[in-house]
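K.L.:
One structure follows; several queries about it will come next.
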Amino acid sequence: MKKALTPLRLAGTLLGLFVAAATLLTLVPANDSRLLPGPAQRVAPLVEVKGGKDPTGPGGIYFVDVFERRASLFESLFPWIHDGATLVPAKLIVPPGVSDKAVRQADLREMSISQRVAAAVALKRLGYKVVARPSGIIVAALDSRSHAVGKLRPSDVIVSVNGASTRTIGELRAQLAKVKPGDSVKLGVSRDNAVNQAQNLVVTVKTMADTQNRKRAIVGFAPETAAEIRLPFKVSIDTCNVGGPSAGLAFPPAAMPDPGHHDHRRHPVPAPGAASPARPVPQTRVQAP
């Protein structure tokens with residue numbers, strides 16, 4: 002004997018179907034990444050300067066980290082369920098041809114570079130002798146049209162083109178000016194492996210034409226200059242698992258007090274967000290070589 006379909010039973014069936022559908026949607030990844038800002042954090046406790054003292058007094062310098070991960074279909078369809086979250090195309094976070102692990106390593110390396118630069122800027126401003134020498138060109142981001150996609154990775158450092166040293170962006174462009182669009186070049190690359198040890202590689206990449214000058218050959222990436230930095234004394238900045246370059250802009254003021262004079266005046270200064278555990282919010286960079 003069939004049971005009558007009562008309104009209560011119908012409502013229960015529909016609720017069960019809704020829960021099952023929602024559960025399925027939370028398990029299926031979308032083509033978007035979710036960016037969720039965390040609370041503002043004080044920079045001062047993260048910075049340790051040899052011979053310095055902890056800052057006192059009102060005010061402070063803060064940074065905001067942004068938690069990033071691949072969004073589910075449920076989050077993509079209903080983005081409002083996470084207050085303050087933003088959805089962006091996943092390809093803006095993880096470029097085509099690059100693994101999540103490689104992007105994560107690149108972010109940690111970028112943060113490490115930001116910290117060294119921050120300490121150098123602060124100490125140089127205080128009058129200390131800081132040695133900084135250009136050491137190559139960092140691949141900050143790849144053009145999706147570039148033939149280097151799948152060959153170069155974000156945070157790779159290009160140290161030569163066809164055997165000629167390229168310590169600066171100017172030297173890189175000078176070497177690329179010797180070839181025509183469509184020619185292949187051999188790039189000397191320094192790349193960190195899984196245990197943060199540098200590997201020296203030679204990568205052959207076909208060049209492409211610059212969109213603003215069709216006669217000019219480019220590889221197709223956004224460049225930043227890498228540098229060897231020597232500080233007069235040790236400066237430690239511990240951001241745990243936060244990666245990406247942006248938060249480094251907050252660290253120079255935090256390292257500014259002179260260890261000899263202990264000037265610890267502080268003012269509230271917002272800092273650009275960094276990413277935790279992976280990435281900063283996508284940002285515009287200079288035109289690629």
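Residue numbers (the working numbering): 2 to 290.
Glycine residues also receive a C-beta, built at the ideal position from the N, C-alpha and C atoms.
(1) Could you tell me which of S166, G17 and K152 sits nearest to R192, measuring between CA atoms?
(2) For L47, decide whether its Cβ has a neighbour in chain B, counting only Cβ atoms nearer than 9 Å.
(3) At which residue ranges does the stretch 69 to 104 contain complete beta strand (DSSP E) runs of 3 or more residues, listed in the order of the chain?
(4) In its own chain, which residues sit with a C-beta less than 6 Å from the C-beta of E229, not counting the 5 before and 5 after it?
(5) Three or more beta-carbon pairs under 8 Å between the stretch 108 to 124 and the stretch 222 to 240, yes or no?
(6) Output the boundary residues of the alpha helix (DSSP H) element that contains A23.
(7) Assign R146 to one of three DSSP states: helix, strand, or coil.
(8) For G13, which residues from the same chain have a beta carbon less than 6 Å from its beta carbon, with the 5 sequence-adjacent residues on both sides left out?
(9) Does the Cβ-Cβ distance between K216 and D184 come in under 9 Å?
(10) Does DSSP put F233 in a helix, in a strand, or in coil?
(11) Terminal residues of the continuous beta strand (DSSP E) containing R217?
(12) Going straight from the alpha carbon of P155 to that of G53, what length do you get?
(13) Given that a residue counts as buried once 16 or more other Cβ atoms are within 10 Å of its Cβ, and exposed if not, what is H268?
(14) How far does the beta strand (DSSP E) with Q305 in it extend, from its first residue to its last?
(15) Taking A72 as the reference, which of K92, D55 and M112 has the closest Cα?
(16) What does DSSP give as the partner residues of A41 in its beta bridges?
(17) How is S156 classed by DSSP in three states: helix, strand or coil?
(18) Shortest alpha-carbon distance to G85 belongs to which of D66, T205 and D157?
(19) To the nearest angstrom, how far is the alpha carbon of A178 from that of F79?
(20) With DSSP collapsed to three states, give me the class of P224.
P.N.:
Once the coordinates are examined:
(1) When only C-alpha atoms are compared, the closest one is K152.
(2) Within the model displayed, chain B is absent; a lone protein chain is all it includes.
(3) You should have 87 to 90.
(4) Excluding its 5 nearest sequence neighbours in each direction, E229 has C-beta neighbours in its own chain below 6 Å: R134 and S136, listed in chain order.
(5) Counting Cβ pairs under 8 Å, three or more are found: they touch.
(6) For A23, the uninterrupted alpha helix (DSSP H) run begins and ends at P8 to L28, by DSSP.
(7) Three-state result, R146: coil.
(8) Cβ contact annotation for G13 (same chain, cutoff 6 Å, sequence separation greater than five): none.
(9) Not closer than 9 Å, so no.
(10) It should be pointed out that residue 233 corresponds to Pro in this sequence rather than to Phe. Coil at P233, not helix or strand.
(11) Per DSSP, R217 is one residue of the beta strand (DSSP E) stretching across N214 to I219.
(12) Cα to Cα, the separation comes out at about 35 Å.
(13) For H268, the predicted model reports a pLDDT of 33, less than 50, meaning its position is unreliable; a value from the coordinates is still stated below. It is exposed - the Cβ of H268 has fewer than 16 other Cβ atoms within 10 Å.
(14) Missing from the structure shown is residue 305; the chain here goes from 2 to 290 and no further.
(15) The closest CA to that of A72, considering only K92, D55 and M112, is found on K92.
(16) Partner(s): V65.
(17) In the structure shown, S156 sits in coil (DSSP, three-state: anything other than H, G, I, E or B).
(18) From the listed residues D66, T205 and D157, the smallest Cα separation to G85 is found for D66.
(19) Roughly 49 Å between the two C-alpha positions.
(20) Taken through DSSP and simplified to helix, strand or coil, P224 comes out as strand.
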